[in-house]
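What follows is a short report on a single structure.
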Amino acid sequence: MDSYDKSEDTASRSGLERFRPNQTVLGFSGTQALVLVGILLVALNLRPAIASISPVLEQMRSDLNLDYASISLLTTIPTFCMGLFAFVTPLLARHLGRERTVFWAVVLIGVSTVARLWSTHITVLFTTTTVVGIGIAIAQTLLPELVSEHFVDRAGYVTGLYTTSLIIGGGIATSLTAPLMNALGTWPIALAAWSILAVVAALVWIPAMRLTRSSTDTGTTIPSSRLPWRHPWVWALALFFVGQTILFYSMLTWLAPLYVGLGWNSEHAGFLLTVAMGGQLVGSLCVTGLIDRFPDRRPVLAVVLTASAVGLAAIVFVPLVAPWFWAVLLGFGTAGSFTLGLTLPVDYAPTPDTAGLLSSVVLGVGYLIGAFGPFVIGWMRDLTGGYQVPFSGLAVLNIIMLVGAIGFHPDRTIEV
């Protein structure tokens, strides 16, 4: 086995040497460009399995005879798994290597998504939802670490690019799932169709994986897999991400049903969510363009959090007055804060390994607690009979995040 691994490694290194010299794509070396494409395709898979639920949620709820709190578990469960398994991801990466671990995470996402063909059985539906969450958790916890390792001087910019790709994946799923259901006849087929993205990502990731080797693959060891629980600013970053997760997934799950409740049809409401996702794309692109110009992230945080606060307040008090504009504002703000929430751990980490450990805690705590946001919104909707009270709570949370962001000073390093 050892001789095989060495020969494979020699071939990979030989390929790497042939691939790198004098080859640049948009300022990236040839190898970096391939890794970047792989990262963007992996990121494209991190939202469709969740985002595809909202446009067909009412049809699913009717077919499966579930109440609003129960159907919201289709968002809560994978988000909870994304938090729980973020904590064990460093151990997996330590033994398998970062790139191999990401590959198997993509396989998990693809297999569980295609298994949704049989999701009219509630057991299958919730099992696949759980496995999707595990795959997403592993991949997205390691992506910031890979960015920090392979793009040392442009980590913030590349983080913005992969966040943009992630948002595009969610936007495609929200806009096309309902039309796919109408064209293909059933919502299980429409949900399973998104497994195609995982196949493409895996096929591209294989050569990227062979051309790059993480510290584990090169025979060195990752210094520590001990998570930095005791540092107060780790908790500050984690709590910020908790709030961001609640805002992002509550919007993703409940914006379309809110407008269905106001009398819109499902496709019309689904298109409004697509518009919000378009606002997210704009927000992510804007933050990506500004991220290298503002080492102090606080001014940009103030802009994006103000935008989402205004959007939420308008949806609460004047939902039918310029709803498209409020959706864009909400999407712009949530995407901008999400991009910065992923960037801050990389900013504060002195090494790629530390960036991975910080991301594990921040994403783990953020998703573990934030996962209950959509469930609480659904429970409050059942309790109050409407969305005004729960969305008012989201607006208050948004304002708290805006005030708390003042503490994210740029001249800070978190040592593990």
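Just remember that the working numbering sits 985 ahead of the position in the sequence shown, which is counted from 1.
Where is the CB? At the ideal position from N, CA and C, for every residue including glycine.
Report the CB separation of residue 1113 from residue 1356 in whole angstroms; it is logged as a contact under 8 Å.
With 8 Å as the limit, residue 1113 and residue 1356 do not qualify as a contact, their Cβ atoms being about 17 Å apart.
Rank 1387, 1187 and 1266 by C-alpha distance to the C-alpha of residue 1092 and give the top, closest one.
It is 1187.
Contact check, residue 1243 vs residue 1372 under 8 Å by CB: the rounded distance?
Yes, they are in contact, since the Cβ atoms of residue 1243 and residue 1372 sit about 5 Å apart, within 8 Å.
For residue 1311, which residues from the same chain have a beta carbon less than 7 Å from its beta carbon, with the 5 sequence-adjacent residues on both sides left out?
Once the five neighbours on either side are set aside, the close Cβ partners of residue 1311 are 1296, 1299 and 1300.
Quick one: Cα of residue 1066 to Cα of residue 1033, how far?
Going by the C-alpha atoms only, they are around 16 Å apart.
So, under 8 Å CB-CB, residue 1263 and residue 1313 are touching, yes? Tell me the CB distance rounded to an integer number of Å.
That pair is a contact at about 7 Å.
In three-state DSSP terms, what is residue 1003?
Because the pLDDT of residue 1003 is 43, which lies under 50, any placement of that residue in the model is unreliable, and the question is left without a value.
So residue 1145 and residue 1339 are in contact, right, with Cβ under 8 Å, and what is the actual spacing, rounded?
With a Cβ gap of about 20 Å, residue 1145 and residue 1339 do not count as contacting.
Given a threshold of 16 other Cβ atoms within 10 Å of its Cβ, counted over all protein chains shown, does residue 1090 qualify as buried or as exposed?
Buried: at least 16 other Cβ atoms inside 10 Å.
Express the C-alpha separation of residue 1289 and residue 1230 in angstroms, rounding to a whole number.
If you take the alpha carbons of residue 1230 and residue 1289, they lie about 15 Å apart.
With DSSP as the reference, label residue 1349 as helix, strand or coil.
Three-state result, residue 1349: helix.
Leaving out five residues before and five after residue 1354 in sequence, what residues of the same chain have Cβ atoms less than 6 Å from its Cβ?
So the qualifying residues of the chain are 1227.
Between residue 1131 and residue 1083, which are expected to be in contact by the criterion C-beta below 8 Å, what is the C-beta distance as a whole number of angstroms?
Contact holds; Cβ gap of about 6 Å.
Would the beta-carbon of residue 1237 fall within 8 Å of that of residue 1035?
A contact, by the Cβ cut-off of 8 Å.
Does residue 1178 come out as helix, strand or coil in the three-state DSSP assignment?
Three-state result, residue 1178: coil.
Report the three-state DSSP secondary structure of residue 1256 (helix, strand or coil).
Looking at residue 1256 - three-state DSSP - the assignment turns out to be helix.
How about residue 1351 and residue 1223: do their beta carbons lie closer than 8 Å?
Closer than 8 Å, so yes.
Specify, as a first and last residue, the run of the alpha helix (DSSP H) that residue 1053 falls within.
Its alpha helix (DSSP H) spans residues 1053 to 1056.
Can you give the beta carbon distance from residue 1269 to residue 1152, rounded, assuming they're within the 8 Å contact cut?
Right, the Cβ-Cβ distance comes to about 5 Å (below 8 Å), so this counts as a contact.
Please list the terminal residues of the continuous alpha helix (DSSP H) segment that includes residue 1072.
From DSSP, residue 1072 is part of no alpha helix (DSSP H); its letter is neither H nor E.
Can you give me the C-alpha to C-alpha distance between residue 1328 and residue 1395, rounded to a whole angstrom?
Computed Cα separation, rounded: 12 Å.
Using 10 angstroms around the beta-carbon of residue 1302, count the other beta-carbons present and answer buried if the total reaches 16, otherwise exposed.
Its Cβ having fewer than 16 others within 10 Å, residue 1302 is exposed.
Decide if residue 1168 is buried, meaning its Cβ has at least 16 other Cβ atoms within 10 Å, or exposed.
Exposed: under 16 other Cβ atoms inside 10 Å.
8 Å is my cut-off, CB to CB: does residue 1266 come that close to chain C?
Judged by its chain identifiers, the structure shown contains no chain C, having just a single protein chain.
Could you check if residue 1359 is buried or exposed, using at least 16 other CB atoms within 10 Å of its CB as the buried criterion?
The residue in question, residue 1359, is buried, as its Cβ has 16 or more Cβ neighbours within 10 Å.
Taking only heavy atoms of the ligand HEM into account, decide whether any of them is closer than 7 Å to the Cβ of residue 1100.
The model on display carries no ligand, and the ligand HEM is accordingly not part of it.
What do you reckon, are the CB atoms on residue 1279 and residue 1389 nearer than 8 Å?
Not in contact: residue 1279 and residue 1389 (Cβ atoms no closer than 8 Å).
How many whole angstroms separate the CB atoms of residue 1159 and residue 1255, which I take to be in contact at a CB cut-off of 8 Å?
So it is a contact: roughly 6 Å between Cβ atoms.
Starting from residue 1218, trace the alpha helix (DSSP H) both ways and give me its first and last residue.
Here the alpha helix (DSSP H) through residue 1218 covers 1217 to 1246.
May I ask which residues mark the beginning and end of the alpha helix (DSSP H) holding residue 1320?
1308 to 1333 is the extent of the alpha helix (DSSP H) around residue 1320.
Could you compute how far the alpha carbon of residue 1217 sits from the alpha carbon of residue 1154?
Each residue's alpha carbon lies about 34 Å from the other.
Looking at residue 1099 and residue 1177, is the spacing between their C-beta atoms short of 8 Å?
Yes, Cβ-Cβ distance for residue 1177 and residue 1099 is below 8 Å.
Can you name, in chain order, every residue of its own chain whose Cβ lies under 6 Å from the Cβ of residue 1347, other than the five neighbours on each side?
Cβ neighbours of residue 1347 beyond the five flanking positions: 1222, 1223, 1226 and 1330.
Going straight from the alpha carbon of residue 1261 to that of residue 1341, what length do you get?
When rounded, the distance between both Cα atoms is 30 Å.
Tell whether a beta-carbon distance below 8 Å holds between residue 1334 and residue 1133.
Yes. Within cutoff.
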